[in-house]
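Shown next, in structure tokens, is the structure this report addresses.
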Amino acid sequence: MTATPSPTPDLVDAGLERGRAGLDWLLGTPLQIVIIVVAGLVAVAVLRALIHRVTDHLADGRPVWRRGVLGQISEHERAAVLLRANPLAAARRAQRSRTVGSVLRSASSLVVGTIVVVLVLDALGINIAPFIASAGIVGVALGFGAQSLVKDFLTGLFMLVEDQYGVGDVVDVGPATGTVEAVGLRVTRIRGDDGTLWYVPNGAVLRVGNKTQGWSAATVEVDVDYFVDLDEVQALLEEAARRVAADPGLGDAVEGAADVAAIERLSAEAVTVRLRVRTRPAQQWAVARRLRLEVRRLLEEAGIPLAGQRDALAAHRERTLGAALGDTAGDTAGDGAASSSADRAASSPPQG
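Sequential numbering of the sequence shown, starting at 2, is according to this note's numbering.
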């Protein structure tokens, strides 16, 4: 029977050394990479959940942090209540919050992903200096080639954060004027009064005039003659504002009392009296149209003509009176002719 040779101590030591080296490597680089990747995934999940929570609270009008002492409402909560009462403002706030949240989530994922890649390459012993230099060169090239695109995105982000305008606002951005239909990070869509849909790059917007943010004002100017009683005209304008405020359809759109300027402007032809009423956002045009109707009715009832209307009324009266006199003269002449014919017929002898 042949005896099995026993391993020599050198072979045992070599095997143990290789096993120990393999275990060290397994517990070293691969485990380190796994830890880096898992930590990156956890960081992304936490950041995205936190951003999602904050943006959802802001979109719904709920305060993220509750402030104020017991029995009082904080300014943040009071503003949230006011915003929830306005559907248009709520839609704007929701769109702004979700857009900013999407940008923040993408940015956080990109930053964490970049850090994870750099740490993994460093754990593998790869020199990342050439990669960083190459990335810098590529970034500079892209920066020069996409300056307008980067400008559009950055401008759009600041517009959303600063709430310069939102969906439903009537704005004047220079190249276009109309109602905002959509606000993106690169382009804003604006519908003009004639139905034209404008696509305005955010980087091209140098100034913004928002006609429907916070509150608006309906302004009506009335030109009257120098000889009318301005106190009476002012009282009639105030009465017109009260009628509009009492209207069930437009009363909610009016905020506060009317402001009547006794003399807004003077010219050689007329005295201008201005009526100004503060309204809710985007309601100034409907209120102004109704104010003009009420002002016309009241001035007509009071017999107060507008500037230049006195001559027009006199000419109209002359035409009306002339037409009436002409009709009367025609009727009189017709009656006279008929009478003369009858008299001649009666005076002529019968023939037979």
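Yeah, the Cβ is synthetic: ideal placement off N, Cα and C, and Gly gets one too.
Only a predicted model underlies this, so the values are computations on that prediction, with no experimental measurement involved.
Taking the Cα positions, A124 is about 14 Å away from A130. The beta carbon of T273 sits closer than 6 Å to the beta carbons of E222, D224, E265 and R266 from its chain, once the five residues preceding and following it are set aside; these are given in chain order. In the three-state scheme derived from DSSP, where H, G and I count as helix and E and B as strand, T30 is classed as helix. The three-state secondary structure of T115, taken from DSSP, is helix. In the three-state scheme derived from DSSP, where H, G and I count as helix and E and B as strand, I138 is classed as helix. Taking C-beta separations shorter than 7 Å and ignoring five residues to either side along the sequence, the partners of L122 in its chain run I129, following chain order. Looking at the DSSP output, W199 shares a beta bridge with I191. When the five nearest sequence neighbours on each side are left out, the beta carbons in the same chain lying within less than 6 Å of the beta carbon of A183 are those of R190, in order along the chain. Its chain contains V171 as the residues whose beta carbon lies nearer than 6 Å to that of K212, once the 5 sequence neighbours on both sides are disregarded; these appear in chain order.
Under the three-state reduction of DSSP, A308 is assigned to coil, being neither helix nor strand. When C-alpha distances from L207 are compared across D173, G140 and S103, the shortest belongs to D173. Residue environment: A242 is assigned as buried (16 or more neighbouring CB atoms within 10 Å of its CB, all protein chains considered). Under DSSP, L267 forms a beta bridge with V272.
Excluding sequence positions up to five before and after W216, its CB lies within less than 8 Å of the CB of E256, R279, T280, R281 and P282, all in the same chain and listed in chain order.
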